[in-house]
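This report concerns only the one structure given below.
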Amino acid sequence: MKKFMNSNWSMRLLALICALVLFAYVNSMKSTHNSSVLTNSSSKTTLTSNRKVTISAPLELNVNSTKYFVTGYPENIKVTLEGPAALVTTTANTQNFKVYANLSKLAVGRHSVKIDVDGLNKELSYSLSQKYIHVNIQPRRTATYKVSADFNKANVADGYEVGTARLGTSSVKVTGAVSEVSKVAKVVAVVNTDKNLEKSVNQQAIIEALDANGQNLNVVLTPSTTSVYIPITQATTTKDVPIDLKASGTTTADTSYSFSSDTKSVTVTGTKSALAKLKSLPVNVDVTDVDETTTKTVKVSASDEDGISSVSPTSVKVKITVKKD
């Protein structure tokens, strides 16, 4: 063993082994360092990554809205945001900035106005779908108009008729440019109905302001909707029918009764089908305790007849002639 340790070859082998161990250790440390560098680099890239997103933001107008009415501008503007991903996401979700056009120093008339953005973080860049808007500034006016129901009466089924519509509101305020409000010819609650209507309609309707040609006007209506009830009933007509006087009540066995009246017929109102079946109208004459010829006022009613709504006159004078057998 001592010979081996003292030999030149053993010293050379030992030196080679030490060199190999040292080389492996250095490579191992280098690999670990590179991995750390890559991880840190990846984390840094993640933290600094950018995002680009387009959102629709409401357009605000800086204008004296009690004095002026503005038309022609879009309600929303598309805004493209770009910057740190987390900041872009937060801004897109909260929309904690405003897109606006300053009209405060403009006079009545048509103008091209620049769109501005306020409240965006300085780390974000943005672009707009349009940089300018075209507006028409006019003096503001508010007027009150009555509302009527508007629907297609041709949709009512044959044999049915339309009653007077009842609306939840009788009038509305119309606000807009003086030139538009002055064109208002009528204000209607538009009711959409099915064809062959046989039942009353009860629905919520949109209110519209129309000019003389029936075209919608660019105005604001308050309220903008209302409830509408339209009664649909079977169509009625009238018919004169003879009365048929009949004894009713308690009669005496050895007594007979005959009836006469100056009123020979009455006017009956009802549906066409009901009146077509009606040949005469029964009128009951109560003869209880009647033991001599007398005249009574008798009520005329058609309550027992389906489809009959009224009778005129509602009573007749009847002469009751009593004859003892």
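Residue numbering for the sequence shown follows this note's numbering, beginning at 524 and increasing consecutively.
Glycine residues also receive a C-beta, built at the ideal position from the N, C-alpha and C atoms.
Note that the structure is predicted; figures quoted are calculated from it, not measured.
The DSSP assignment places complete alpha helix (DSSP H) segments of no fewer than 4 residues inside the segment 662-745 at 701-704, in order along the chain. DSSP, reduced to helix, strand and coil, places Lys575 within a strand of the structure shown. Counting only runs of at least 4 residues, the segment 574-626 fully encloses the following alpha helix (DSSP H) elements, listed from N- to C-terminal order: 608-617. Across the structure, Lys840 and Ser788 are spaced so that their CA atoms are roughly 12 Å apart. In the structure shown, Ile755 falls within a strand segment according to DSSP collapsed to helix, strand and coil.
Excluding sequence positions up to five before and after Phe620, its CB lies within less than 8 Å of the CB of Ala580, Thr614, Val640, Asp641, Gly642, Leu643, all in the same chain and listed in chain order. Ala825 and Thr692 have their C-alpha atoms spaced approximately 37 Å apart. Looking at Val697, Pro805, Gly793, Lys795, the one whose alpha-carbon comes closest to that of Thr665 is Val697. With fewer than 16 other Cβ atoms from the protein chains shown falling within 10 Å of its own Cβ, Ala735 counts as exposed.
In this structure, Lys637 lies away from Tyr649, with their beta-carbon atoms at least 8 Å apart.
When Asp812, Leu804, Ile755, Val810 are compared, the shortest CA-CA separation from Ser835 is found for Leu804. His657 and Ile753 have their C-alpha atoms roughly 43 Å apart.
Here Asn741 really is in contact with Glu703; their C-beta atoms are around 6 Å apart, less than 8 Å. If you draw a straight line from the Cα of Thr844 to the Cα of Leu768, it is about 13 Å long. Between Thr687 and Asp827, the alpha-carbon positions lie close to 27 Å from each other.
Taking 8 Å as the cut-off, the beta carbon of Gln661 is found closer than this to the beta carbon of Val701. Taking each of Asn675, Leu610, Asp785, Val813 in turn and checking the Cα distance to Lys847, the smallest one comes out for Val813. Remark: C-beta atoms of Leu690 and Thr760 do not approach each other more closely than 8 Å. A straight-line Cα-Cα distance of about 25 Å links Gly682 and Ala712.
Put simply, the backbone Cα of Ser671 is about 7 Å away from that of Val710. In this chain, the alpha helix (DSSP H) harbouring Leu798 covers 795-800. Under DSSP, Pro765 shares a beta bridge with Ser788. Bounds of the beta strand (DSSP E) holding Pro805 are 804-809. In this structure, Leu720 sits away from Val751, with a CB-CB distance that is not shorter than 8 Å. At the C-beta level, Val808 and Ala776 stay beyond 8 Å of one another.
With contacts defined by Cβ atoms closer than 8 Å, Val791 and Lys762 form a contacting pair. The closest CA to that of Ile766, considering only Phe782, Ala758, Thr756, is found on Phe782. By alpha-carbon distance to Asn585, the top candidate from Leu629, Ile600, Thr617 is Leu629. Per DSSP, reduced to three states, the secondary structure at Ile540 is helical.
Pairing Lys669 with Ser694 gives a Cβ-Cβ distance under 8 Å.
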